[in-house]
Structures are given as C-alpha cells and as structure tokens.
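Step one of this worksheet: look at the structure below.
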Amino acid sequence: SNYIVRLPQPEANGWLYNMFYLHRSVQHVVLEVAGDDYDLFNVHLEAFDNANRDAQAVLLRDFVKARRGGRVIVAGDFNSTPPEASLKKNFPDEPQTDMSGDRTVATIRELGLREVIEPEMYLRDEKAALTFPAEDANRRLDYLWFSDNLEISDGGVYCCGGVFSDHKPVYAVFVVKP
Numbered sequence: 002s003n004y005i006v007r008l009p010q011p012e013a014n015g016w017l018y019n020m021f022y023l024h025r026s027v028q029h030v031v032l033e034v035a036g037d038d039y040d041l042f043n044v045h046l047e048a049f050d051n052a053n054r055d056a057q058a059v060l061l062r063d064f065v066k067a068r069r070g071g072r073v074i075v076a077g078d079f080n081s082t083p084p085e086a087s088l089k090k091n092f093p094d095e096p097q098t099d100m101s102g103d104r105t106v107a108t109i110r111e112l113g114l115r116e117v118i119e120p121e122m123y124l125r126d127e128k129a130a131l132t133f134p135a136e137d138a139n140r141r142l143d144y145l146w147f148s149d150n151l152e153i154s155d156g157g158v159y160c161c162g163g164v165f166s167d168h169k170p171v172y173a174v175f176v177v178k179p
C-alpha cells in the first residue's frame, strides 16, 4: 500500500495565505521484501513555523506508532536541529531562524527507533552529520530512523557528488535476511 497524509498548515498564516502555502506531508508505504513487511515513512515537516512543526511531529509520532508493523524506517526532511546541536540559531544563511526551543527530534525519538546518525556519533563529528544547506552545511535537518530488528551495514550523510537538492542526503544500507 502507498498513501499520503497531509499535515496541518500554520494557523498563524491565515486561511488565504495557506491556500498558496506549501503542503507538508507524510508518505506511508508498506513494502514486502523477502516475505516480510516494511513500513516506510517518507517525511517533510514544516520549515518556517516552529509551533506548527512541533504539532506535526506529534502527529507523525502517533501516526507511526499506530501503523508500524515489524520493520520500520522513518526518513526525510524534519527541518529541525537535534537537541545536541551546537548551533540552533543565528545560522549564517538564515540569521532569523531560531530552533532553540524546538521539540521535533525529541518527539520522534519517543518512538524508540535507532538513528543512522546516533547522538553519540553526532557529538563526535558534528560537521560530518550536517545536511543543510548542501553547499557549506551548518545544521542537521535530515534524519533516517529505523527499528532495531533491522540490520544496518552502512549509513551516514552522503557528502560527495553533484548537488541535486538544497540538502545533503542521509543514506543507509540494510541487510535483508530471509
């Protein structure tokens, strides 16, 4: 199965502005691999309204919790720095952005999933984990979480190659055993 759930827009914008505003969403795909079901959640959360992003994170957490099967992958652009980030405001490219009070990542961590870039890894080499902007990244906005019954053989932030997005991709290689 494959379906998309549209997330709420910022109430502060007003209805007319929101008619032309981006629609953030979660795509949920159930994929069968080697006889096992995988619940894949492709995410793009709010970028410009912290309160709306926090609300979207709660909805996402509850959505994943209610629909997750045995094997789960939650990945995408969460537009939020992790709690352990050394820089949460006054970004060189967006000095007006302040993520100091953001709870998005902490809310998703309540699911108990593993992260490709675990907090300890992040703290050891923060620069290698930064994903935005793609050129000269100064913060981490992108994540890949997975259930502990999946075996990962490689993963991280893809640092090289052409720029196809304004974000660096986070990747993982999973081992599928029948």
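Under this note's numbering, the residue at position 119 of the sequence shown is numbered 120, and the numbers go up by one with no gaps.
Note that beta-carbon positions come from the ideal geometry of N, C-alpha and C, so glycine has one too.
- Contact between S148 and L124 is absent: CB atoms are separated by about 23 Å, not below the 8 Å threshold.
- Annotation for V106: no beta strand (DSSP E) segment contains it, though the alpha helix (DSSP H) segment containing it runs 105-110.
- Excluding five sequence positions before and after V177, the CB atoms of its chain that fall closer than 7 Å to its own CB belong to V34, A35, given in chain order.
- Taking F175 as reference, the option from K89, D137, R54, E152 with the minimal CA-CA separation is E152.
- Per DSSP, A129 lies in no beta strand (DSSP E); the unbroken alpha helix (DSSP H) holding it starts and ends at 127-130.
- In this structure, the straight-line span from the alpha carbon of D38 to that of V27 is close to 18 Å.
- The C-alpha of A52 is placed about 16 Å away from the C-alpha of H24.
- Where A56 is concerned, the enclosing alpha helix (DSSP H) starts and stops at 51-68.
- Straight across, the Cα-Cα distance linking D63 with Q10 is about 18 Å.
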